[in-house]
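S.K.: In this note's numbering, the protein residues as written are 27 to 365. Ideal Cβ positions, reconstructed from N, Cα and C, are used throughout, including at glycine. Note that this is a predicted model, so its numbers are computed, not measured. Supplied in structure tokens, the structure appears directly below.
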Ligand SMILES: Cc1cc2nc3c(=O)[nH]c(=O)nc-3n(C[C@H](O)[C@H](O)[C@H](O)COP(=O)(O)O)c2cc1C
């Protein structure tokens, strides 16, 4: 038997697999099934600022900036997953489930984040995942302003709650290492790479734009986990396109301390979690590893780059890879490397 324990957000997890935030994690039944299937922690379905406001009654409902959002939440019955129910879910889960329960919050207004973060912490959540979603659309708003806002969100929540905070990040960030550093300074203990968005398509026959659920950005996740791991005081969790034990092992090698999965369970059900964990253990035994931390981050940039004197020199290495790709030498070299 191999020891799959890992540390994430200050918790000792029995293995690195976490059920990601989604519709799967909004009922006690499902939480119990996930725990039974072997996951080490669960991120609850995100609760949205608009839901809190709806529950606050008609006065606060007027604060929802976009009336169609209000109508949508009402028509889809999302009120039934309003805070009171969420608080009950956390309470029930804490009585019946031994693994950490991570609440997830998605707000818009800066003043609302800490208010609701505190409510979730008081309800008994073990940790909080800040699901910061934005689509940069306004031309007057710079990337610096957006990132500053993210930092303020983390700092304001950190001020009012003592439970660990993780931030689920979008992958379109100009300088992710810098942002990661600033978020850690603001109080983040963990970063989840990456958040997931609707993707855009055009139906030519109907001449219509539509949105669909994408498949996660596995190669981006792998790349950025590898580039960030071990360089900040933050634990990294991978999220996006992890459908097999091999994919989970890759993100662990890159430096993830935890692996969040969602679509795998949506497509194959809760038993797939057990197979995933068993697959990681089988691989470890086959490769002669007895503990997970013997190989977490083995292929992170930090481990591989010890020959580079500083980050600037390493940038030169990345530029070289880019040039090779553009001069056709990368593939030829790569082929022989993988043989
Ligand atoms: C139906 C559905 C609902 C989701 N809801 C949330 C949510 O409320 N909050 C959140 O942070 N992520 C949400 N996600 C994103 C997942 O947590 C995860 O990051 C994403 O699906 C990529 O991982 P995967 O490839 O393992 O599915 C949702 C995903 C799906 C498919």
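1) Helix, strand or coil: how does DSSP classify residue 249 here?
2) Please list the terminal residues of the continuous beta strand (DSSP E) segment that includes residue 115.
3) Start and end of the beta strand (DSSP E) containing residue 238?
4) Considering only heavy atoms of ligand 1, does any lie closer than 7 Å to the CB of residue 56?
5) For residue 261, report the span of its beta strand (DSSP E) as first-last.
6) Please name the residue or residues paired with residue 29 in a DSSP beta bridge.
7) What are the start and end residues of each continuous alpha helix (DSSP H) run of 4 or more residues lying completely inside the region 31-83, in chain order?
8) According to DSSP, residue 300 sits in a beta bridge with which residue or residues?
9) May I ask you to check if the CB of residue 194 is nearer than 7 Å to at least one heavy atom of ligand 1?
10) Whose C-alpha, out of 293, 327, 278, is nearest the C-alpha of residue 303?
11) So the alpha helix (DSSP H) residue 172 belongs to, where does it begin and stop?
12) Measuring only the C-alpha atoms, how far is residue 52 from residue 109?
13) Check whether the Cβ of residue 246 sits closer than 7 Å to any heavy atom of ligand 1, and report yes or no.
14) Relative to the alpha-carbon of residue 252, which residue among 236, 134, 326 has its alpha-carbon at the smallest distance?
15) Measuring only the C-alpha atoms, how far is residue 173 from residue 138?
16) Give me whichever residues DSSP pairs with residue 227 in a beta bridge.
17) Report back the beta-carbon spacing between residue 224 and residue 238 to the nearest angstrom; my notes put them in contact at under 8 Å.
18) Look up residue 23 in the DSSP assignment and say whether it is helix, strand or coil.
19) In chain order, what residues of the same chain lie with their CB nearer than 8 Å to the CB of residue 136, ignoring the 5 residues before and after it?
M.R.: According to the structure data:
1) The count along the chain shown starts at 1 and reaches residue 249 at position 223. The answer is helix: DSSP assigns residue 249 an H, G or I state.
2) As a working note, residue 115 is residue 89 in the chain shown. Careful: residue 115 lies outside any beta strand (DSSP E), inside the alpha helix (DSSP H) at 109-122.
3) Residue 238 sits at position 212 when you count from the first residue of the chain shown. Going by DSSP, residue 238 is part of the beta strand (DSSP E) stretching over 234-239.
4) The sequence position of residue 56 within the chain shown is 30, counting from 1. False, no ligand heavy atom lies under 7 Å from that Cβ.
5) Position 235 of the chain shown holds residue 261. First-last of the beta strand (DSSP E) with residue 261: 261-265.
6) As a first step, residue 29 must be located in the chain shown, where it is residue number 3. Answer by DSSP bridge pairing, in chain order: 317.
7) If only uninterrupted alpha helix (DSSP H) runs of at least 4 residues are considered, those enclosed by the region 31-83 are 54-63, 75-81.
8) Looking up residue 300 in the chain shown gives position 274. Residue 300 is bridged by DSSP to nothing; it lacks a bridge partner.
9) Working through the chain shown from its first residue, we reach residue 194 at position 168. Yes - ligand 1 has a heavy atom lying nearer than 7 Å to the Cβ of residue 194.
10) Position 277 of the chain shown, counted from the first residue, corresponds to residue 303. Checked all of 293, 327, 278; the closest Cα to residue 303 is 278.
11) Translated into positions along the chain shown, residue 172 becomes position 146. Segment 169-186, the alpha helix (DSSP H) holding residue 172.
12) Against the chain shown, residue 52 aligns to sequence position 26. Against the chain shown, residue 109 aligns to sequence position 83. Computed Cα separation, rounded: 12 Å.
13) As a working mapping, residue 246 is identified with position 220 in the chain shown. No, since every heavy atom of ligand 1 falls outside the 7 Å radius drawn around the Cβ of residue 246.
14) Residue mapping note: residue 252 aligns to position 226 of the chain shown, counting from 1. Taking only the C-alpha atoms, the option nearest residue 252 is 326.
15) Sequence index remark: in the chain shown, residue 173 carries index 147 (1-based). Sequence index remark: in the chain shown, residue 138 carries index 112 (1-based). Those two C-alpha atoms are separated by around 18 Å.
16) Within the chain shown, the letter at position 201 stands for residue 227. DSSP output for residue 227 lists 236 as bridge partner(s).
17) As a position in the chain shown, residue 224 is number 198, starting the count at 1. As a position in the chain shown, residue 238 is number 212, starting the count at 1. Rounded to the nearest angstrom, the Cβ distance from residue 224 to residue 238 is 7 Å, consistent with a contact under 8 Å.
18) The displayed coordinates of the chain run from 27 to 365. Any statement about residue 23 would go beyond what the structure contains.
19) Taking the chain shown and counting its residues from 1, one reaches residue 136 at position 110. Same-chain partners within the cutoff: 175, 178, 179, 182.
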